[in-house]
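Q: Residue numbers for the sequence shown follow my numbering, beginning at 20 and rising by one.
We treat Cβ as the ideally placed atom computed from N, Cα and C, and that holds for glycine.
Treat the numbers as computed from the prediction; the structure is a model and nothing was measured.
Let me begin by handing over the structure; questions about it come next.
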Amino acid sequence: MTMLATGDRRITLFEGERNHLLPLHSTDALESNLYFYVGRMIAHTFLHKGYPFVGMAQAVVQYIFSQSIESIPLISIKDVPDLTIRQDIEKIMNPKSDKLLDVNACDKIITLLSTSGFVNKVLTTENQEKAVQDILVYHVLRI
């Protein structure tokens, strides 16, 4: 517990950019109840009007409070900590019309789309935004 309070650099519970942090998937942290204790520390600061927990992605904070996908603001590409997934999202967001066929033929992009729930659909200019939103929701909220 003292390591959490002092900020020991060997313990990493969040990943991503500043103000776009996400909880790190860590079985060790789950098994040792670190997330439980961090949650208690955050709750105590709220109860005692201490410093707010800053740095978490706003979409995650909104989801924690509302438990609803509909009430979250648009998720930013900066909320995705994995840089290769960000690059793939940018390929989906900004393909030139002649490159859209190349994006649809890329196995890596197809896997990314299907893993995120965008299944059995061909990527078109009409559904690009929906595809990107599905990827962002999956990789930021992991629901």
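Which runs of the alpha helix (DSSP H) spanning at least 4 residues fall entirely within the region 52-83, listed in chain order?
A: Qualifying alpha helix (DSSP H) stretches, in chain order: 53-66.
Q: If you draw a straight line from the alpha carbon of Leu23 to that of Glu89, how long is it in whole angstroms?
A: Reliability of the predicted coordinates at Leu23 is poor, the pLDDT of 47 falling under 50, and the value obtained from them is presented with this limitation in mind. The straight-line gap from Cα to Cα measures roughly 33 Å.
Q: Skipping 5 residues on each side, what residues in its chain have a beta carbon closer than 7 Å to that of Met20?
A: Unreliable placement is indicated for Met20, whose pLDDT of 43 sits below 50; no coordinate value is reported for it.
Q: Taking Cβ positions, are Val79 and Val159 nearer each other than 8 Å?
A: Yes, they are a contact pair.
Q: Looking only at its own chain, which residues have a Cβ that is under 8 Å from the Cβ of Tyr70, when we skip the five neighbours before and after it?
A: Once the five neighbours on either side are set aside, the close Cβ partners of Tyr70 are Thr64.
Q: Would you call Leu43 buried or exposed, if buried means 16 or more other Cβ atoms sit within 10 Å of its Cβ?
A: Burial call: exposed.
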